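In the working numbering, the protein residues as written are 324 to 621.
From the three backbone atoms N, C-alpha and C, an ideal C-beta is built for every residue, glycine too.
Owing to the predicted nature of the structure, the values given are computational and were not obtained by experimental measurement.
Here's the structure we're looking at; comments come further down.
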């Protein structure tokens with residue numbers, strides 16, 4: 324076995340060739356100074372959802388031992404375009420100079436965000452109420468862009484050179500992007516193993532005492548809790564302009580005792596009675612207006 328093949332099979336000692344090429348492609352376009360090594364990348368997701376194979380996501384994490392890209396899982400809390408020729412494929416080809424064009428789904432990067440605001444529930448709650456907080460060791464094999472890759476950005480960064488935080492903060496201060504959209508996107512190249520690369524799984528307290536907590540306790544990483552997402556229907560009705568009146572009414576219809584939380588939305592998804600893409604808009608409302616306090620980690 325060649326050295327490159329060994330690296331691709333293992334992924335622990337050095338990245339596979341596709342990972343190396345992707346990192347170099349972004350490094351050539353990065354600018355700015357080094358990131359604070361105390362910053363972390365977080366992978367936000369909904370812990371009570373299941374993949375196309377029917378496995379609950381936390382059960383899949385326990386069985387597989389790693390967090391997989393949407394090319395591998397076929398699921399996403401954003402767009403569903405991770406397939407050959409799809410938008411996600413095209414965006415990655417552009418960002419990483421074709422490094423993954425011939426790579427397997429397993430080799431492709433996983434997506435998260437740089438938690439420069441040190442949020443208790445992760446850097447990009449748009450994509451889920453809970454998150455995996457990655458270890459410092461993953462920063463060296465992570466690339467960044469701003470804004471989200473859906474916008475086909477031209478500004479990129481690495482741990483060694485990154486000026487993206489300033490751009491995101493400037494847009495947020497000017498009101499050019501909503502708070503749940505002003506994140507710095509992260510791409511972790513190489514396997515993300517739960518036992519080695521995850522500092523903690525951070526869950527919403529709505530899942531205490533549920534099957535989600537039971538599944539989380541089987542993972543080889545610490546479990547932490549943030550204060551929780553909560554939104555009253557009364558408050559939701561004051562925000563019809565955010566995602567539209569239709570989603571306000573949907574949120575009110577699925578609320579329990581006048582309240583929305585992540586578990587309630589997850590129950591609605593599993594009921595099969597509602598369009599998951601519509602429920603995603605309800606989640607955006609909860610993430611935007613029902614965010615936990617305190618908002619940031621110490």
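Whether residue i touches residue j by CB criterion (8 Å)
i, j, result
"residue 525", "residue 453", "yes"
"residue 577", "residue 591", "yes"
"residue 507", "residue 469", "yes"
"residue 370", "residue 530", "yes"
"residue 625", "residue 481", "This structure does not reach residue 625, given that the chain is present from 324 up to 621, and the question cannot be answered."
"residue 618", "residue 442", "yes"
"residue 462", "residue 366", "no"
"residue 611", "residue 503", "yes"
"residue 380", "residue 391", "no"
"residue 428", "residue 395", "yes"
"residue 583", "residue 542", "no"
"residue 437", "residue 509", "yes"
Residue i classed as buried or exposed, judged by whether at least 16 other C-beta atoms fall within 10 angstroms
i, result
"residue 499", "exposed"
"residue 347", "exposed"
"residue 375", "exposed"
"residue 574", "buried"
"residue 616", "exposed"
"residue 537", "exposed"
"residue 585", "buried"
"residue 593", "exposed"
"residue 339", "buried"
"residue 425", "exposed"
"residue 579", "exposed"
"residue 497", "exposed"
"residue 566", "buried"
"residue 606", "buried"
"residue 505", "buried"
"residue 448", "buried"
"residue 444", "buried"
"residue 600", "exposed"
"residue 581", "exposed"
"residue 527", "buried"
"residue 493", "exposed"
Residues bridged to residue i [DSSP beta-bridge criterion]
i, result
"residue 533", "DSSP output for residue 533 lists no bridge partner at all."
"residue 508", "436, 468"
"residue 454", "367, 525"
"residue 481", "466"
"residue 389", "516"
"residue 547", "525"
"residue 541", "Answer by DSSP bridge pairing: none, since residue 541 is not bridged."
"residue 379", "373"
Identity of the residue in the options nearest residue i by Cα
i, options, result
"residue 439", "375, 486, 473", "486"
"residue 368", "589, 360, 554, 615", "589"
"residue 435", "424, 421, 456, 429", "456"
"residue 295", "528, 555, 522", "Not covered by the structure: residue 295. The range shown for the chain is 324 to 621."
"residue 464", "621, 581, 349", "349"
"residue 414", "442, 472, 425", "472"
"residue 483", "340, 614, 608, 362", "362"
"residue 479", "613, 582, 351", "351"
"residue 342", "359, 432, 503", "432"
"residue 559", "448, 380, 609, 422", "609"
"residue 378", "420, 535, 606, 409", "535"
"residue 420", "477, 450, 614, 561", "477"
"residue 355", "490, 603, 510", "490"
"residue 417", "447, 448, 444, 475", "475"
"residue 383", "602, 513, 539", "539"
"residue 550", "568, 613, 603", "613"
"residue 570", "360, 430, 512, 602", "602"
"residue 460", "604, 501, 513", "513"
"residue 604", "451, 533, 364, 409", "451"
"residue 446", "430, 488, 364", "364"
"residue 548", "563, 562, 532", "532"
"residue 430", "393, 561, 409", "393"
"residue 353", "409, 488, 408", "488"
Heavy atom of the ligand FMN within 7 Å of residue i beta-carbon
i, result
"residue 504", "Only the bare structure without any ligand can be found here, which leaves the ligand FMN out of the picture."
Item to check | Inter-stretch contact (C-beta, 8 Å, three-pair minimum) for the segment 376-396 and the segment 513-523 | outcome: Yes: at least three Cβ pairs fall under 8 Å.
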